[in-house]
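Protein chains in written order, with this note's numbering: chain A, -9 to 325; chain B, -9 to 325; chain C, 22 to 292; chain D, 22 to 292.
Glycine included, C-beta positions come from ideal geometry on N, C-alpha and C.
These numbers come from a predicted model, not from an experiment.
Taking it in order: structure first as C-alpha cells, then the write-up.
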Amino acid sequence: MERNIPILATGSGELVGWRDPDENRAWIRENKPRGLVDKRMSVREAVERFVPDGAYLALGGFGHIRTPMALIYEIIRQRRRGLVIAGKTAVHDIDLLIGGGCVKKVECAYAFGHELRGLSPAGRRAVESGEVQVVAELSNAAYQWRFLAGMMGVPFMPVRNMAGTDTFEKSSAIQIKDPWSGKPVILVPAAIPDVTLIHVPRCDRYGNAQIDGIPVEDIELARASRRVLLTTEQIVDDDEIRDHPQRTDIPFYIVDAVCEVKYGAHPTLMPYLYAFDEPHIQEWLQQAKTPQGAQAYLEKYVHGTADFSQYLELVGGAATLKRLEQIEQNKGRQT
Amino acid sequence: MERNIPILATGSGELVGWRDPDENRAWIRENKPRGLVDKRMSVREAVERFVPDGAYLALGGFGHIRTPMALIYEIIRQRRRGLVIAGKTAVHDIDLLIGGGCVKKVECAYAFGHELRGLSPAGRRAVESGEVQVVAELSNAAYQWRFLAGMMGVPFMPVRNMAGTDTFEKSSAIQIKDPWSGKPVILVPAAIPDVTLIHVPRCDRYGNAQIDGIPVEDIELARASRRVLLTTEQIVDDDEIRDHPQRTDIPFYIVDAVCEVKYGAHPTLMPYLYAFDEPHIQEWLQQAKTPQGAQAYLEKYVHGTADFSQYLELVGGAATLKRLEQIEQNKGRQT
Amino acid sequence: MIAQQDSHKIEARPFAKQEYTQAELITCVASRLLEDNRSVLVGTGLPMIASMLAQRSHAPNLLLVFEAGGIGPRIPELPVSVGDSRTFYKAVAATSMHDVMSACQAGYIDYGFLGAAALDAYGNINTTVIGDWEHPKVRLPGSGGANDVGSFCWRTIFIMRNQSTRTFQSKLDFITTPGWISGPGARERSGLPHGCGPYRVITQLAVYGFDEHTKRMQVVSLHPGVTLEDVQANSEFPILAPAHVPVTEPPSPEERRLLREIDPRGIVLGR
Amino acid sequence: MIAQQDSHKIEARPFAKQEYTQAELITCVASRLLEDNRSVLVGTGLPMIASMLAQRSHAPNLLLVFEAGGIGPRIPELPVSVGDSRTFYKAVAATSMHDVMSACQAGYIDYGFLGAAALDAYGNINTTVIGDWEHPKVRLPGSGGANDVGSFCWRTIFIMRNQSTRTFQSKLDFITTPGWISGPGARERSGLPHGCGPYRVITQLAVYGFDEHTKRMQVVSLHPGVTLEDVQANSEFPILAPAHVPVTEPPSPEERRLLREIDPRGIVLGR
C-alpha cells in the first residue's frame, strides 16, 4: 500500500455543521441526559430554550410527510433569525421558515420545491433576491449519510454518488483515491445539526419515540443532532413503549424536549392518522406568490394565533381534522 | 486542504472478504433476484446449492442467541471443507464447524469462547495445533462496520476504535490522517461474505423476514452478503408480512433460500420462543474436551442423523422442546 | 425525491387527430422499457404511473422502490409524494432512506426515472439553478434524489415533456446529476459506479438513446407525426439519428384502459 | 461481547473470618463507582450484577446498555449472554449493535466494564492470545467488544479476580484493548477519542486507579487484611501507592441482601 492517499478534488461549498468528533463527544458527555428525565414542556418553552438565532436546524419527516409544523410555526412566532437550514427534502417546512424571515443560509439537497405541487414561491424569491443564501449543494443520499457519520461519531462517510457534477463541486465533500480499489471515492463530512425537530405519533415523557410507517432518515438525523425536540400526537406511559422495545426509533437519551401536540403535523400528512390538508397547502402556495400574501398568511395563522391549538381552530377545527382523519384512515391503510 | 492524505499505519492482517464495489455491483445485478420468487427449499438443498468449499461464511444471531444451527449441522453433515469464518461473536456455531473439520481460516473479533460458559475446547485446540489459522483480528464494532460498508456498497468505513493496539496491527485496516480534523482515523475495509446463514422467527416464501427482539448486526450483515440462507421457525403468507411492513428486517431481494425449520436454533436461545438447551450445550462442551469426544458427539447428532428433525428427536423431541419453550415463554417476556 | 419539476405543469394536449394524449404516449413508452423481475426507483407523477402500468401489463413482478423507504407496496392510489403513506401501503418493507439508498449504491436497483429543467447531449441534467449559482435567475429545488438515481441506478430513464431549445441545451448552467458526463469512460474516470448510466430519454416528440461510441443522444423512435427536423429544431445540440428511424408504437386500447384505471381522475395524465 | 474470560471460574472463596465473599466485595466496589444518571455498557457476570446493584441502591436512574442492542431493560433475572432476551426485557429500545456502538463512539456511554487474561501497568489488556500470535500457546477469544469498550467509553472499569504475577504483566503478549497505552497523551496521539480511558481496576486484593502524571496503576484502596506487599507480590510491574492507603469498604448488610436478591442461586457470586 502507498504512503499517501491523493486528494483528487475538493468541493467549494461551505462546510455546514461539521464538528470535531472529540469536541462533540465532550459536548454530549456534558449535555445529554443519560437518566430518565421528564422532558415534557410546551412548544413555546422548547423553542425558547433550545432554538437560538443562527442555529443549524434540521427538520424531520420528508417533504409534506410528518413535518414538525407546530414547532416550525412557533419558531416563526418567536421571530428567530439567521437560521441555517439543512435542506434535506425541505419543502413546506423551509418555505414557511423562509417566508417568516427566519432563514439566512441553506445547504441544499432539495429545497424551494414542493414535489408535484410545484416550486416554492417564497423560497425561490428569497434565494433569487439574495435574502437567503444557498451555501452548498449535495444529494439526498449524501445528506442522509452526512447524518449517518454524525450519528456514528466519525468525521466523514465514503459515498459513490455526486462525482463528475457541479453538485459535487458546490458541496463540502472531497474526493480521494480509495486505497483498496485505487478508484476515486468521495468523502462527505459528518453533519451535526444544532437542533432537529421531529414529529412522531407517540412517545413517553422521557422521549422514547416510535414512528409508524417509514422513519425516512429520522433515525440517523436524530442521533446526529445535538438537540432533538419532539412533538408527538400522544404521550404514552413508558410501559407502553417497553411492551414493544423493538418499535422504538428514537431512544430518550437523544431527546431534549417532548411536546404533546395532537395534529402537530398539520397541514402535512401524518401516516395512518390524517391526510394532507390540500386546500390549506394550496392557500399557502397561492398567498406566497407575493411577499405581501406570504406576510398576510403568517399574520393570520402564526402571529395572529397564540399557539397551535388556536391555529387548528382557525384552519377549521374539529370538522377539518375529522375530515383529514377520515381521508387517511378510510383508505384501507394498515397500522 | 492538503494535496495528500498521509497513511499513518497499515494493519498486517489478511484482507478477508473485501471486493471491489463495482465488481460486486455487477455480481448483484446478475445474481440477485428482484422479482418475487418462491425460494422454499430443504436445508440440504440450500447448503448443496449455496455453500461451496472454501466459502467466506458468516453466521447470524449472536453467540448462543438465534444461531442458525440447522444449517450449521447440515454443513458439517455435507462435510464442507476450507471455510473462512467471520468470527463476529462466533461461539457455538464456529466451535461445531471447527469440530466438524469444516474450517480453515478465521477472522477474529470474538471466537473460541462461550461467554460465561468458558473457552471453546474444539476451537482452541484447532488454533493451537495450527489446523485452523487466525488470519486477522478486529473488534466486534469494527466487524459490524465492515458489514455496514459492504451493505452500502462503499469500499471502507471510518472508525475510531482499535488505534494503538495489536488488534489494529493484526487487522486489515489502515490508519490515515482525517482531512477535516487532522487527527488519525482508522478505515476498515468493507466485508462481503460469500454466504450468510440467519435464523428468523418468521418470513414468507420469498424471504421477507422479521426478527423479534434485537436484530444485533443481521440487518447490515444480510445486506452485505452475496448469498443469504434463511431458516425460519415458520413460513407465513406474504400478506402477514405486508400487514406490518415496518417489521421487515430483511427484504426478499437479499435472500436466496428459505427453509422452514421449527426449533432451527436449538440448542441456542430463540427470543420469546425457546430457551438455551443448557444440558445439551454442556454435553458438547464436555465432549469437545477431546478430539475423540467431539467426533463422537458429531457422529451421534450430525452424521448419525439424516436431518434436523431426526436430531430433534435425538435431543429429546417434543418433551425437551416443550420444556425449553416453557422456560423462555413463562418468564414474563413480551412478544 | 426524484426531481419532477415539470410534471406539475400537466395539460391535456391531445395529439392532432389522435385518441391518446402526450402524457399517455410518454407513459406507455416508459412503461414498456421496464422489464419484469427488475427493480425501479420510482418518483411521483408519470414515472409512478408508468411503473404501475408495467406491473399491470407485461411486468407483474416489477419491484417498486421509493427513496424515502417504501419497498414493494401494493399501491392503493396514486401517491403525491415519494414519502406518502401510499408508497408503503402493504409493502414488503417500510424502511429508511439509508436502507434504500444503500441498496441503490450496492447495485440492487435496475431502473431510475429522472426529469429536469434542462438536459444536454450526454444526458447530464440540471435541476439546481438557471443562471449563475451564486446569483441565480431561477432557483430550482436542487438534486434531491436525482443525483443518487443518476449515479447508482443501472439504467436511467428521462422524461422531458417539454423538449425545446430551452430544455435540450448545448451547455447546462449547472450539472446537477451525471449522465454520460463528457463521453465514453467519463463516468468511470470520475469515480461513479461502473457500467451504469443514461438509457432512454422520452419527450413529447421522440424517444432517444445514447450512441454506443460517443455516448451522445440519438433518436430511437419518432412519435407519430413527428419528423427528424422537428426533433432537431427543438434541441440546441445536434441529435444523432440512424438511417431508418421507426415510429413510436402508440398506446394500445388495453394500455389506455389500464391508464384510466390507474389515474381515474386524470390527476397526472390529464383528461 | 465484553470479554469476561475469567468469570466462568467462579468459586465461593470466603475471606478469612469474613462474612462476605471475594465476589461480593468486588461487585460492591464496582457498583459504587457507577454514578446515578449515567450510562454503562454492561457485560455478563459481575459487571451485570454490579450494575443491577447500583440501580437498586444509589443509582436508580443508571442506564444499562448492551452491545448486542438491548437498551434500558428491566432485567427480570441474570442474563447469561449480552444478547439474551433478558437484556432487552421491557427495554426502552431493542435495537442493533450498530446503534449501540455508534452511541458509544459518539460519546453517550459513561462506563464500560472489562475483564482480561492479563493487564499491564497502563491498563492495556490482552484477551487474544498467550504466547505468539501466529503460534499461540493459548488462544483466547479475541477482542469481542472489549476494544470497543476500551476505545469509546468515558471510564473503563476492569474486574480481575485473579491478580497475580501471571495476570499483572510487565509486557503483554498482545495488546487487545487500549488502556493508557504508554502514558499521558498516548491515546490521543494514537487516534483514539480524547479524554477517556481506564478508570479503576478491581481485583481480589485491592482497588487501583491510574496516576494522573504517568498514567501508571496506583493503589486506591486495599481490601481488608491485604497489605501493599501482597499487592506488589502479585504483580510483575511496580504498583504506585499514596502515602496513606485506605481500606476498601466491605459490603454492607444491605448490599449483601440486594446481591442475594439479584443472584439468588449464586450463579455468578457463588455461595
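- Pairing A131 of chain B with L73 of chain B, the inter-Cα distance amounts to about 23 Å.
- In this structure, F109 of chain C sits near Q236 of chain B, with a CB-CB distance shorter than 9 Å.
- Contact between L311 of chain B and L302 of chain B is confirmed by a C-beta separation of about 7 Å, below the 8 Å threshold.
- CA-to-CA, the gap between Q285 of chain A and P257 of chain A works out to about 18 Å.
- Residue pairing of L261 of chain C in beta bridges, as defined by DSSP: C:Q239.
- Note that the region 77 to 96 of chain D touches the region 111 to 121 of chain D; at least 3 beta-carbon pairs, one per stretch, sit closer than 8 Å.
- Residue burial is scored here from C-beta neighbours: V218 of chain B has at least 16 other C-beta atoms within 10 angstroms and is therefore classed as buried.
- For the pair E56 of chain D and D131 of chain D, the CB atoms are nearer than the 9 Å cut-off.
- Contacts with chain C (Cβ-Cβ distance below 9 Å) from the region 224 to 253 of chain B involve D228, D229, I231, R232, D233, H234, P235, Q236, R237, T238, D239, I240, P241, F242, Y243 and I244, listed in chain order.
- Among the residues facing chain B, W274 of chain A is not included, as its CB has no counterpart in that chain under 9 Å away.
- Assignment of N(-6) of chain A by DSSP, reduced to helix, strand and coil, places it in the strand class.
- Per DSSP, the unbroken beta strand (DSSP E) holding P191 of chain B starts and ends at V185 to C193.
- Taken through DSSP and simplified to helix, strand or coil, F40 of chain A comes out as helix.
- When the Cα atoms are used, R136 of chain A and A180 of chain A turn out to be separated by approximately 4 Å.
- For D239 of chain A, the uninterrupted beta strand (DSSP E) segment begins and ends at T238 to I240.
- Taking a Cβ-Cβ threshold of 8 Å, none of the residues of chain D is close to R136 of chain A; the smallest such distance is about 14 Å.
- Taking 8 Å as the upper bound for CB-CB distance, G77 of chain A and C92 of chain A are not in contact here, some 14 Å apart.
- G66 of chain D is not a Cβ neighbour of V247 of chain D, given a cutoff of 9 Å.
- Per the coordinates, the alpha-carbon of G306 of chain A lies some 13 Å from the alpha-carbon of K290 of chain A.
- If the five residues before and after V101 of chain C are omitted, its C-beta is found closer than 7 Å to the C-beta atoms of T65, all from its own chain and listed in chain order.
- Separation of Y129 of chain D and Q300 of chain B (C-alpha to C-alpha, rounded to the nearest whole angstrom) is 48 Å.
- Looking from the CA of P205 of chain A, the closest CA among A:F158, A:P191 and A:L314 belongs to A:P191.
- S72 of chain C sits buried, since 16 or more C-beta atoms from the chains shown fall within 10 Å of its C-beta.
- Assignment of Y143 of chain D by DSSP, reduced to helix, strand and coil, places it in the coil class.
- Annotation for S60 of chain D: no alpha helix (DSSP H) segment contains it, though the beta strand (DSSP E) segment containing it runs S60 to L62.
- Ranked by Cα distance from M142 of chain B, the options A:P145, A:V144, A:N151 and A:G143 are led by A:N151.
- Chain-order list of chain B residues neighbouring H215 of chain C: D12, R15 and A16, by C-beta distance under 8 Å.
- About 13 Å separates the beta carbons of A142 of chain D and M181 of chain D, which is beyond the 8 Å limit, so they are not a contact pair.
- Within the same chain, A139, D141 and E257 come within 6 Å of Q190 of chain C by CB-CB distance, once the 5 residues on both sides are set aside.
- DSSP, read as helix, strand or coil, puts C92 of chain A in coil.
- Below the 8 Å Cβ cutoff, chain D contributes R160, L161, P162 and G163 as neighbours of F102 of chain B, in chain order.
- In the structure shown, L314 of chain A adopts helical secondary structure according to DSSP, grouped into three states.
- By the Cβ neighbour-count rule, R286 of chain D is exposed, with fewer than 16 other Cβ atoms within 10 Å of its own.
- Contacts between F173 of chain C and chain A, judged by CB atoms closer than 7 Å, involve N151 in chain order.
- Under DSSP, A114 of chain D takes part in a beta bridge, and its partners are D:I92.
- DSSP places E127 of chain B within a strand segment (E or B) once states are collapsed to three.
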